[in-house]
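Participant:
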Amino acid sequence: MQQPFDYDSAFSRNIGWITETEQALLRTRRIAIAGLGGVGGSHLLTLTRLGIGRFNISDLDSFELANFNRQAGASLSQVGRPKVEVLSEMALDINPELQINAFPEGVNQENLDRFLEDVDLYVDGLDFFALQARRAVFAACAEKGIPAITAAPLGMGAALLNFLPGKMTFEEYFRLEGHSEDEQLLRFLLGLSPAMLQMPYLVDDSRVDLANHKGPSTPMACELCAGMAATHALKILLNRGNVPTAPRGVHLDAFRNKLSSTWRPGGNGNPIQRLGLKIARNRLSEKLTMSVERETLQRYETPIERILDLARWAPSGDNTQPWRFELVDDTRFIIHAHDTRDWCVYDLDGRASQTAVGALLETIAIAASGEGLAAAFSRREESPENNPVIEVTLSESSAPEPDPLLPYIRARVTQRRGFSTRALTGAQKKVLEASVGPGYRIVWLEGWQRKWQMARLLFRNARIRLTIPEAYEVHKRIIQWDAQFSEDRIPDQAVGLDPVALKLMKWAMQSWGRVQMLNRYFAGTWMPRVQLDLIPALRCGAHFAIVADKPVVEIDDYLAGGRALQRFWLTTTRLGLQFQAEMTPLIFSRYTAVSRKFTVEERAMKMATVLAAELVDLFGDDSVSCSVFMGRMGSGNAPFSRSVRRTISNLFLPRINLGRSLK
Ligand SMILES: Cc1cc2nc3c(=O)[nH]c(=O)nc-3n(C[C@H](O)[C@H](O)[C@H](O)COP(=O)(O)O)c2cc1C
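Each residue of the sequence shown is one higher than the one before, counting from 26 in this note's numbering.
Structure, rendered in structure tokens:
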């Protein structure tokens with residue numbers, strides 16, 4: 026049964042924090058909101074619930090998918106509809122007596138007077154980058170004596186500034202006149218929040234894209250903005266207590282549990298602000314030179330494209346992605362794999378690459394299940410072992426549901442820093458042991474004593490890694506310096522070193538001579554070995570080996586092992602655990618097992634023989650001959666820095682990329 030609307034009942038729960046008389050007053054007030062995006066829509070709905078009776082609202086945009094994370098009103102049923110229309114409906118659904126003047130053409134010089142007619146307060150909801158319109162509206166408010174509020178969503182907090190009649194104006198505070206657009210944006214940002222509380226937790230600054238007018242934004246920040254702005258609206262409209270006015274501002278950060286009240290007499294002309302602007306300018310130009318080229322959001326039309334787009338997230342040693350794809354038709358494609366044995370000491374006989382290709386096959390199978398398809402693989406027997414060719418055929422799947430590991434393909438990642446030392450639970454181990462399927466078992470190393478033994482082994486093994494010229498050549502090739510993300514290598518920030526050690530390593534890696542000098546005279550391997558091997562080996566829940574029932578000898582054994590590995594790794598992600606491979610002791614042990622020389626350094630060869638015996642002591646007799654993978658896991662944070670992937674177009678063989686719409 027529909028209840029008839031009644032203003033007093035609808036907003037009765039406001040009473041107590043405001044009086045009935047004040048509520049009646051709010052009912053008569055008109056607020057103008059320009060922009061109904063991230064903050065504007067929430068402003069409108071919050072102020073409507075506060076009982077404001079009249080609005081002038083403007084926005085010329087319609088809803089699209091990219092609005093979903095934060096904008097009130099953005100939902101599937103509203104995609105393509107004008108924001109003004111959708112939000113008017115939503116507000117009227119809360120208070121059907123609202124008087125709303127809508128400006129679907131947006132706010133501009135022609136309609137500005139009408140937009141601000143009879144307005145008691147202006148609340149800014151304009152896009153961060155719409156500086157010209159914002160300046161015009163604030164200037165008109167100052168001229169007409171209309172108080173104005175701007176609340177900016179910054180990270181997971183909100184920064185608020187009030188501009189009241191007769192006090193410092195928007196232009197006097199921000200001082201934008203006569204500056205380039207980039208400089209104006211910087212001035213606006215730093216003026217909004219001199220405290221910049223959000224900066225320490227910006228994890229991917231390549232997403233701040235001033236040039237293309239894009240920046241990251243959270244729903245929490247938008248809601249906080251609406252809460253803060255409505256509170257100040259109430260205080261201004263009802264004359265309730267002290268309202269901080271520019272050059273005073275407030276920044277509330279929910280992530281850091283911090284509240285900062287700032288005071289910048291002279292606004293951006295203040296010496297502290299000028300210094301801040303200088304630092305910000307430097308950081309910005311640095312960032313522009315460092316920024317990673319990212320694939321733009323891309324929706325693929327065919328199942329094969331979508332499957333490969335997901336499958337390219339399979340892991341590979343040093344992120345080499347030793348595969349390229351050739352499309353045959355709508356249901357078939359070919360994987361042209363290769364290995365890196367000719368330059369990578371860790372790719373003995375191409376086995377690491379083959380394991381990675383196995384992981385790719387499993388990922389393709391899982392991704393195909395999301396399209397209701399099953400994938401069949403057939404390796405061309407005649408293809409050489411270092412360039413295996415695998416045909417993939419997709420057919421309708423009989424499975425009723427997608428593979429439960431499907432959602433974890435994109436989230437799976439390598440974390441090389443420390444985890445929690447909390448032991449895995451019995452239930453977690455059971456799920457993980459089942460994930461590898463028949464033919465494989467998991468050997469666990471747990472408890473302080475075992476972890477310590479493994480840490481010692483890895484520490485000594487790392488000495489081999491860091492003192493042989495063959496590995497130096499590999500490291501030089503596979504580390505991308507000054508990078509948070511890397512499409513075809515490992516970004517230095519994901520290696521696991523602290524910033525000081527990283528700087529030293531970058532310097533040393535310029536030449537083998539420098540590395541040797543550091544190693545010989547300054548115990549140069551100590552710091553990286555402690556940070557990259559010893560500490561992480563102790564800081565985990567468990568080390569593990571995935572061991573096959575029979576020795577792994579042929580390419581097909583490694584492909585199958587790679588498939589088991591990927592199910593295991595994805596399952597750790599599903600369980601919320603972090604994961605790092607620890608493959609080099611196994612690889613060096615294999616070299617000694619087949620009496621193959623991998624380095625010119627005799628000492629390193631001898632050490633590898635000693636460590637191979639220790640590995641067997643730790644993981645069991647068959648661990649060197651039958652293990653397909655070794656690593657560590659435990660609960661912890663996902664890394665901020667990671668290897669990303671080559672774009673799909675880079676993974677297709679050029680000769681068959683016949684004008685297809687793959688970008
Ligand atoms: C066969 C194989 C061996 C690997 N060996 C190591 C290793 O010894 N140490 C390590 O930190 N990562 C190792 N990795 C992880 C890769 O470096 C990582 O998967 C790749 O850089 C992609 O990054 P992502 O896993 O974060 O997506 C290995 C991965 C594979 C598939």
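From the three backbone atoms N, C-alpha and C, an ideal C-beta is built for every residue, glycine too. Computed from a predicted model, the values in this text were never measured in an experiment.
List the endpoints of the continuous alpha helix (DSSP H) containing A116.
Facilitator: To locate residue 116, count along the sequence shown from 1; it is residue 91. Here the alpha helix (DSSP H) through A116 covers K108 to I119.
Participant: Helix or strand or just coil, what does DSSP make of T450?
Facilitator: The residue given as residue 450 occupies position 425 in the sequence shown. If DSSP states are grouped into helix, strand and coil, T450 belongs with coil.
Participant: The alpha helix (DSSP H) with M478 in it runs from where to where?
Facilitator: Taking the first residue of the sequence shown as 1, we reach residue 478 at position 453. For the record, residue 478 in the displayed sequence is Gln; it is not Met. Q478 -> alpha helix (DSSP H) spans G472 to T492.
Participant: Would you kindly check if the distance between the Cβ of T418 and the Cβ of T356 is under 8 Å?
Facilitator: To locate residue 356, count along the sequence shown from 1; it is residue 331. To locate residue 418, count along the sequence shown from 1; it is residue 393. Yes, the Cβ-Cβ distance between T356 and T418 is below 8 Å.
Participant: Taking buried to mean at least 16 other C-beta atoms within 10 Å of its own C-beta, is D343 buried or exposed?
Facilitator: As a first step, residue 343 is located in the sequence shown; it is residue number 318 there, counting from the start. D343 should be labelled buried.
Participant: For H500, which three-state DSSP category applies?
Facilitator: In the sequence shown, counting from the first residue as 1, residue 500 sits at position 475. H500 falls in the helix class under three-state DSSP.
Participant: Between I171, K476, Y465 and R488, which lies nearest to T609 when the distance is taken from Cα to Cα?
Facilitator: Mapped onto the sequence shown, residue 609 falls at position 584. Nearest of I171, K476, Y465 and R488 to T609, Cα basis: R488.
Participant: Residues in the same chain with beta-carbon distance under 7 Å from F36, minus the five sequence neighbours each way, listed in chain order, please.
Facilitator: Locating residue 36 in the sequence shown gives position 11, counting from the first residue. Same-chain partners within the cutoff: Q48 and G76.
Participant: Alpha carbons only, please: which of G131, V370, F484 and P241 is nearest the one belonging to Y226?
Facilitator: The residue given as residue 226 occupies position 201 in the sequence shown. It is P241.
Participant: Determine, using beta-carbon pairs with one atom in the stretch 88-99 and one in the stretch 125-144, whether at least three such pairs fall under 8 Å.
Facilitator: No, the stretch 88-99 is not in contact with the stretch 125-144.
Participant: For H68, which three-state DSSP category applies?
Facilitator: Counting from one through the sequence shown, the residue named residue 68 turns up at place 43. If DSSP states are grouped into helix, strand and coil, H68 belongs with the helices.
Participant: Once the 5 residues before and after K501 are set aside, which same chain residues still bring their CB inside 7 Å of it?
Facilitator: As a position in the sequence shown, residue 501 is number 476, starting the count at 1. Here the set comprises M534.
Participant: Distance, Cα to Cα, D84 vs L201?
Facilitator: The residue labelled residue 84 in the question sits at position 59 within the sequence shown. The residue labelled residue 201 in the question sits at position 176 within the sequence shown. The alpha-carbon atoms of D84 and L201 are separated by roughly 24 Å.
Participant: Taking the straight line between their C-alpha atoms, what separation do you get for G63 and M253?
Facilitator: Position 38 of the sequence shown holds residue 63. Position 228 of the sequence shown holds residue 253. One C-alpha to the other measures close to 14 Å.
Participant: Determine contact between the stretch 363-372 and the stretch 567-584, defined as no fewer than three beta-carbon pairs at a distance below 8 Å.
Facilitator: These segments do not touch.
Participant: Considering only the alpha carbon of each residue, which of S668, T597, V148 and L72 lies closest to E691?
Facilitator: Lying outside 26 to 688, the shown extent of the chain, residue 691 is not represented and no answer is given.
Participant: How many Å lie between I40 and L146 at the Cα?
Facilitator: Working through the sequence shown from its first residue, we reach residue 40 at position 15. Working through the sequence shown from its first residue, we reach residue 146 at position 121. Roughly 22 Å between the two C-alpha positions.
Participant: Return the CA-CA distance between V104 and I174, expressed in angstroms with no decimal places.
Facilitator: Taking the first residue of the sequence shown as 1, we reach residue 104 at position 79. Taking the first residue of the sequence shown as 1, we reach residue 174 at position 149. Going by the C-alpha atoms only, they are around 29 Å apart.
Participant: Would you kindly check if the distance between the Cβ of T380 and the Cβ of V653 is under 8 Å?
Facilitator: For the purposes of this step, residue 653 is taken as the residue at position 628 of the sequence shown. For the purposes of this step, residue 380 is taken as the residue at position 355 of the sequence shown. Result yes, Cβ atoms of V653 and T380 sit closer than 8 Å.
Participant: Do you know whose CA, among R657, S408 and L600, lies nearest V468's CA?
Facilitator: Taking the sequence shown and counting its residues from 1, the one referred to as residue 468 is at position 443. Measuring from the Cα of V468, the nearest candidate turns out to be R657.
Participant: Spell out a yes or no on whether the stretch 490-505 and the stretch 212-224 are touching, meaning 3 or more CB-CB pairs, one atom from each, closer than 8 Å.
Facilitator: Counting Cβ pairs under 8 Å, fewer than three are found: no touch.
Participant: In whole angstroms, what is the alpha-carbon distance linking D230 and Q346?
Facilitator: Counting from one through the sequence shown, the residue named residue 230 turns up at place 205. Counting from one through the sequence shown, the residue named residue 346 turns up at place 321. Straight-line Cα distance between these residues: approximately 25 Å.
Participant: Can you look up P553 in the DSSP assignment and give me helix, strand or coil?
Facilitator: For this step, residue 553 is matched to residue 528 along the sequence shown. Note: P553 maps to helix in three-state DSSP.
Participant: Excluding the 5 residues preceding and the 5 following Q518 in the sequence, name in chain order all residues of the same chain whose CB lies nearer than 8 Å to its CB.
Facilitator: In the sequence shown, counting from the first residue as 1, residue 518 sits at position 493. Cβ neighbours of Q518 beyond the five flanking positions: A508, Q509, L527, F665 and S666.
Participant: Given L595, which residues of its chain have a CB within under 6 Å of its CB, disregarding the five upstream and five downstream residues?
Facilitator: As a working note, residue 595 is residue 570 in the sequence shown. Counting only Cβ-Cβ distances below 6 Å, and skipping sequence neighbours, we find L430, Y433 and R437.
Participant: Any idea if Q30 is buried or exposed, counting beta-carbon neighbours within 10 angstroms, 16 or more meaning buried?
Facilitator: The residue you call residue 30 lines up with position 5 of the sequence shown. What sits at residue 30 in the sequence shown is Phe, not Gln. Flag for F30 reads exposed.
Participant: I'd like the list of long-range same chain contacts for S403, defined as Cβ closer than 6 Å, with 5 residues on each side in sequence excluded.
Facilitator: Looking up residue 403 in the sequence shown gives position 378. Hits under 6 Å: E416.
Participant: Identify whether L61 lies in helix, strand or coil by the three-state DSSP scheme.
Facilitator: Locating residue 61 in the sequence shown gives position 36, where the first residue counts as 1. If DSSP states are grouped into helix, strand and coil, L61 belongs with coil.
Participant: Hey, H363 and N411 are a contact pair by Cβ (cut 8 Å); roughly how many whole angstroms apart?
Facilitator: Locating residue 363 in the sequence shown gives position 338, where the first residue counts as 1. Locating residue 411 in the sequence shown gives position 386, where the first residue counts as 1. Between N411 and H363 the Cβ distance is about 7 Å, and since that is below 8 Å, they are a contact.
Participant: Please report the distance separating the alpha-carbon of G266 from that of N187.
Facilitator: Numbered from 1 along the sequence shown, position 241 holds the residue referred to as residue 266. Numbered from 1 along the sequence shown, position 162 holds the residue referred to as residue 187. About 14 Å.
Participant: Quick check on the burial criterion: 16 or more other C-beta atoms within 10 angstroms. Buried or exposed for Q603?
Facilitator: As a working note, residue 603 is residue 578 in the sequence shown. Looking at its Cβ environment, which holds 16 or more other Cβ atoms inside 10 Å, Q603 is buried.
Participant: Use the C-beta contact count for V540: other C-beta atoms within 10 angstroms, 16 or more gives buried, fewer gives exposed.
Facilitator: Counting from 1 along the sequence shown, the entry for residue 540 is found at position 515. Buried, since its Cβ has 16 or more Cβ neighbours within 10 Å.
Participant: Pick helix, strand or coil for T609, following the three-state DSSP scheme.
Facilitator: One-based indexing of the sequence shown puts residue 609 at position 584. The answer is helix: DSSP assigns T609 an H, G or I state.
Participant: Quick one: grab the DSSP three-state call for R319.
Facilitator: Walking along the sequence shown from the start, residue 319 turns up at place 294. With a pLDDT of only 42 at R319, under the threshold of 50, the placement of this residue in the model should not be trusted; the figure read from the coordinates follows. Residue state, collapsed to three classes: coil.
Participant: Rounded to the nearest angstrom, what separates L751 and E330 at their Cα positions?
Facilitator: The shown model of the chain, from 26 to 688, leaves out residue 751, and the question about it has no answer.
Participant: Between P29 and ligand 1, is there a pair consisting of the residue's CB and a ligand heavy atom that are separated by less than 7 Å?
Facilitator: Taking the first residue of the sequence shown as 1, we reach residue 29 at position 4. Incorrect: P29 has no Cβ contact closer than 7 Å to ligand 1.
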